[in-house]
Amino acid sequence: YNGAGLPFAGVFGGQQTTNGGVFAPGTAAELAAGLAIGTAAAQAAQACAAASVNATYWKPLLGALPPPVPHVEGQTLLDHNGMLATCVGETGGCAWGDMILPPTFHTPGSAGSIRRRTVAHGVHGSGAPDYATLRAEVRSIDFEEDPDSGDLMAAAIRLSDGTVSPVADGGKVLLAASSIGSASILARSRPDRYSSFTFNNHYYTASFLLPSSVCFPVGGGEVCGDGPEASIHSHNWQYGFVTPGNGDCAGQSFEADLRGNYPVPDAPYQVILLQMEPEMRSLGAWNASAGLIDLVDEPPTACDLLARRQAINITSTSWGAVTPGFSIDSSDAAVAAWPQGWHWAGGIPLVDGSSRVAGTKNVFSADAGAVRKPFNCHTSMVSAAAGVIAGMEALGLPTSQCMDHISSNFPPPSPDESCEPGATSPPLCNFAVEVYNGTHCIAAVPSPSPPPPP
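Quick note: to get the numbering used here, add 32 to the position in the sequence shown (first position is 1).
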C-alpha cells in the first residue's frame with residue numbers, strides 16, 4: 033500500500049467474522065445502494081447480521097440523549113450504533129472508551145470487563161463446526177472454463193500447504209478474505225482475468241478536544257478548553273452530517289466520533305472526523321513477481337478537499353475549539369493527515385444486482401469486497417450483511433428468509449426499549465438482560481433463544 037506492506041489477520045469465517053469494535057451498519061437504503069440490491073433485501077440482511085452478534089447499543093445503554101449540537105444543519109445522532117462487545121462486569125459498568133483510548137485514559141477496573149463479540153462468537157476453537165478447516169490459508173481457485181461462454185467454474189480450492197479441496201457438484205465458493213485478500217486469490221487464480229482492482233475506503237483526521245474545565249499552560253499563559261463538559265459525552269457519541277457542498281460539488285457524508293471515557297476527571301476526549309463518501313479511490317494492480325497487489329491512493333479530488341474543509345469548519349465551530357497543534361487545526365488539514373481508515377471495501381468485479389463474481393458461475397463475494405461505493409458505516413457489520421446476502425444467493429433462496437438460517441439470535445432492541453434512569457429493577461429487553469446501575473445499563477446474559485433450524 034503506497035510502498036509499504038499491509039498486515040492481515042486470518043480467522044475462521046473470513047472478514048465478515050472479524051471485529052472492528054464499532055457497530056455501525058449504516059441505513060438499509062445506504063447498504064442497498066452500496067451493494068446494488070433492493071432496500072427490502074438490505075433490511076433483511078442487516079436484521080440477520082445484527083441478530084448474529086451480541087452487540088451493545090448506545091441508545092438503551094445510555095438512556096437520555098444529549099441535546100442537538102449547534103450550527104449543524106440536518107445532523108443525525110447515530111444512536112442506533114454501538115459497540116461489538118458486551119460488558120461482563122458484576123459491579124459497576126464498562127467505560128466503553130477503554131476499547132479505543134490509550135491506557136492513560138482508562139477507567140480503573142473497566143477494560144477487563146469488556147468482551148469483544150463477532151458474528152462467529154461461539155464457533156471458534158472447540159466450538160468450531162466439524163466441517164471447518166482451521167489454520168488454513170487459501171492460495172487460489174482451480175477454474176474450469178466453459179468453451180462456449182468463457183465463464184469460469186470453480187472446481188477446487190488450493191491451499192498454501194499444497195492441499196487441494198474439490199468443489200462438490202453444484203457447490204459454491206464464497207470469498208470472505210477481505211476485499212484485498214479476495215482480490216488476491218482471484219489474481220493468483222487467473223491473472224489474465226483479474227489483475228486490476230478499484231477499492232474504496234474511508235479517510236479520517238483526528239484531534240483532541242478539551243472540556244471547558246480543563247486548562248493547560250502555553251507560553252506565559254494558559255489555554256482553556258471550550259469543549260462540552262465531561263458529563264455530556266460519557267462514552268462514544270457518533271454524529272452524522274452532510275457538508276453543504278457548492279454549485280460544482282455535492283455535499284458529502286461525515287461522521288464526528290467523540291471518544292471520551294468519563295468519569296476519568298479532567299481528561300481530553302478524542303474527536304475522529306471520518307469522510308464517508310470520498311470520490312477518491314485506491315487502485316490495485318497485481319504484481320506477479322511479488323505475488324502481491326500494489327495499492328496506491330488516488331489524490332483527493334477538488335470536491336473531496338472542499339468537503340474536508342467544510343467538515344473541519346463544522347466540527348470546530350460546533351463541538352468546540354480543537355487542541356492547538358493537532359491536525360484538524362492545521363492550515364493544510366484538508367490535504368494532510370487524512371489516512372485511510374482501514375475500511376477497505378469494493379474491488380471485486382460483480383455481476384449487476386448480484387454477489388456473484390463477474391466471469392464466474394459459482395463464486396460469490398461475501399464481505400465488504402461487494403461494496404460498490406462507500407457510505408456512512410463501519411465495515412464490520414456491512415461485511416456481515418454482505419455475507420448473509422451472498423450466502424442466501426448461493427443457496428438459491430431469497431434474502432428475506434435469512435433468519436431461518438442464522439446460528440444464534442440476539443435481536444437488537446426495538447425503538448421504544450431503553451433503560452430509564454431511576455429504574456429499581458432490571459427491565460427485560462428482547463435482546464439481553466439490562467441492569468441499570470445509576471450511570472448506564474450493562475448488557476449482561478443474552479436471553480435464551482430457540483434452537484436454530486437445520
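Don't be surprised by glycine CBs; every beta carbon is placed ideally from N, CA and C.
Just so we're clear, the structure is a prediction, and the values are computed from it rather than from any experiment.
For Q302, the enclosing beta strand (DSSP E) has its first and last residue at 301-307.
For A56, the secondary structure class from DSSP, reduced to helix, strand or coil, is coil.
For L116, the secondary structure class from DSSP, reduced to helix, strand or coil, is coil. In this structure, the beta-carbon distance from S439 to N51 does not fall below 8 Å. Per the coordinates, the alpha-carbon of L38 lies some 10 Å from the alpha-carbon of I325. Annotation for D336: no beta strand (DSSP E) segment contains it, though the alpha helix (DSSP H) segment containing it runs 334-351. Ranked by how close their Cα comes to the Cα of A68, the residues N408, R404, G428 have R404 in first place.
The continuous beta strand (DSSP E) containing M185 extends over residues 184-191. Within the model, the alpha-carbon separation for R149 versus A400 is close to 19 Å. E169 sits in coil when the DSSP states are folded into three classes, being neither helix nor strand. In terms of Cβ geometry, F175 and G114 do not form a close pair [threshold 8 Å].
Ranked by Cα distance from A416, the options D336, W351, A65, A76 are led by A76. In summary, Q433 is exposed, with fewer than 16 beta-carbon neighbours lying within 10 Å of its beta-carbon over all protein chains present.
In the same chain as P332, and ignoring 5 residues on each side of it, the C-beta atoms closer than 6 Å to its own belong to M312, in chain order. The distance from the Cβ of A164 to that of F44 is about 6 Å, consistent with a contact at the 8 Å cut-off. For the pair W370 and Y271, the CB atoms are not nearer than the 8 Å cut-off. Ranked by how close their Cα comes to the Cα of S227, the residues G251, I380, C409 have I380 in first place.
Counting along the chain, the unbroken alpha helix (DSSP H) around T71 starts and ends at 71-83. M424 and P430 have their alpha carbons spaced roughly 6 Å apart. Contact between N233 and A377 holds: CB atoms are separated by about 7 Å, below the 8 Å threshold.
The residue from L315, A74, Y33, R190 with its alpha-carbon nearest to that of G385 is A74.
Beta-bridge annotation (DSSP): F286 is paired with F273, Q307.
Looking at the backbone, the Cα of S197 and that of L184 are separated by about 17 Å. With fewer than 16 other beta carbons inside 10 angstroms of its own, F40 counts as exposed. With contacts defined as CB atoms closer than 8 Å, L206 and A72 fail to qualify as a contacting pair. Inter-segment contact for the segment 217-225 and the segment 302-309 is absent: fewer than three beta-carbon pairs are separated by less than 8 Å. Annotated three-state conformation of S314 is strand, per DSSP. An exposed status is given to V328, since fewer than 16 other beta-carbon atoms sit within 10 Å of its beta-carbon. A distance below 7 Å between beta-carbons, with the five flanking residues on each side excluded, links T49 to the following residues of its chain, in chain order: V43, T150, V151, A152. Relative to the Cα of L63, the nearest Cα in the group S172, A402, N441, D436 belongs to A402. Looking at the backbone, the Cα of A81 and that of I346 are separated by about 33 Å. In the structure shown, T195 falls within a coil segment according to DSSP collapsed to helix, strand and coil.
Following the DSSP letters along the chain, one finds L382 in no alpha helix (DSSP H), marked with neither H nor E. Straight through space, the alpha carbons of A317 and G323 are spaced by roughly 11 Å. Straight across, the Cα-Cα distance linking P92 with W351 is about 24 Å.
Pairing W128 with D111 gives a Cβ-Cβ distance that is not under 8 Å.
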